[in-house]
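Trainee: Residue numbers for the sequence shown follow numbering that gives the first Met the number 0, so the first one is 0 and each next one is one higher. Just so it is clear, CB atoms sit at the ideal spot from N, CA and C, and this is done for glycine as well.
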Amino acid sequence: MAMDNYRYCTIAAPVRAQFTVSGSRFIGTMAPAESEAVARALLERLVREFEGATHHAYALRIGAGPGMIERANDDREPAGTAGPPMLQVLQGAGLSDIIVVGTRYFGGVKLGIGGLTRAYRDCAKLCLEQAVLVEKEQQARYRIELSYEDLGAAMRHIESTGGEIIGVEYGAAVELTVAIGARLAEELTRGLDSLSRGRCRYSRISEVGGR
């Protein structure tokens with residue numbers, strides 16, 4: 000599936016794969032994660048679940064476009080043998096908002112650089128074979144301040160561009176919090192400028208996971 004800077008794929012639900020190589024037990028866990036905080040919470044849970052494991056290497060990708068976050072961690076395995084091979088699988092599949100963790104119980108036999116690289120890559124590949132992929136679109140959030148006079152036209156414009164009003168505060172002016180597909184953000188702000196004749200004030204407050 001061809002993706003652009005705003006659309007990408009992730010997985011619908013967590014998946015797991017287990018296998019043994021020369022006595023070492025490997026457990027691959029792949030899960031959706033819309034933020035680094037969510038990803039790290041999952042990693043911490045797996046460390047508790049597999050207490051006593053020798054390594055918990057991981058790779059993650061969050062977001063889309065220029066702001067995408069990528070991380071790979073070998074967790075004390077030889078440099079480049081654990082996290083990066085799993086990250087390469089995620090990159091090759093075009094996945095984001097995702098973490099994969101390779102848990103290893105050392106079996107007494109050293110696997111060497113090539114053996115480790117293959118094993119951790121398989122942690123990701125075997126999970127991916129089980130996963131159901133879903134397409135998402137990067138979202139942006141805006142805080143918009145406007146007059147009561149412009150409110151009706153602004154709300155119609157937000158709806159027509161596919162935006163969603165997720166918060167409203169009433170005071171001397173109206174303050175809206177709006178979520179919209181990142182690809183449509185320029186259309187949203189251009190229309191607000193036009194309908195309010197430049198009176199409307201807005202700021203982009205975050206990039207969030209897709210929907």
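From this set, T160, I164, A153, A178, which residue's C-alpha is nearest L191's C-alpha?
Mentor: Here the closest residue by C-alpha is A153.
Trainee: Straight-line CA distance for L194 to A181?
Mentor: One C-alpha to the other measures close to 21 Å.
Trainee: Could you round the C-beta distance between Y57 and G82 to whole angstroms and report it? I think they count as a contact, below 8 Å.
Mentor: Yes, they are in contact, since the Cβ atoms of Y57 and G82 sit about 6 Å apart, within 8 Å.
Trainee: In terms of residue numbering, what span does the beta strand (DSSP E) encompassing Y5 cover?
Mentor: Premise fails: Y5 is in no beta strand (DSSP E) and is neither H nor E.
Trainee: Which runs of the alpha helix (DSSP H) fall wholly inside the segment 44-121 and span at least 4 residues, in chain order?
Mentor: Taking only runs of at least 4 residues, the alpha helix (DSSP H) segments lying wholly in the segment 44-121 are 82-92.
Trainee: Alpha carbon to alpha carbon, what distance is there between M85 and G91?
Mentor: Between G91 and M85, the C-alpha separation is close to 10 Å.
Trainee: If the criterion is Cβ atoms closer than 7 Å, does the pair L41 and I97 meet it?
Mentor: Taking 7 Å as the Cβ cut-off, L41 and I97 do not qualify as a contacting pair.
Trainee: Would L132 be called buried (16 or more neighbouring beta carbons within 10 Å of its own) or exposed?
Mentor: Exposed: under 16 other Cβ atoms inside 10 Å.
Trainee: Compute the distance between the beta-carbons of G161 and L183, then report whether it is under 7 Å.
Mentor: Contact flag set, yes.
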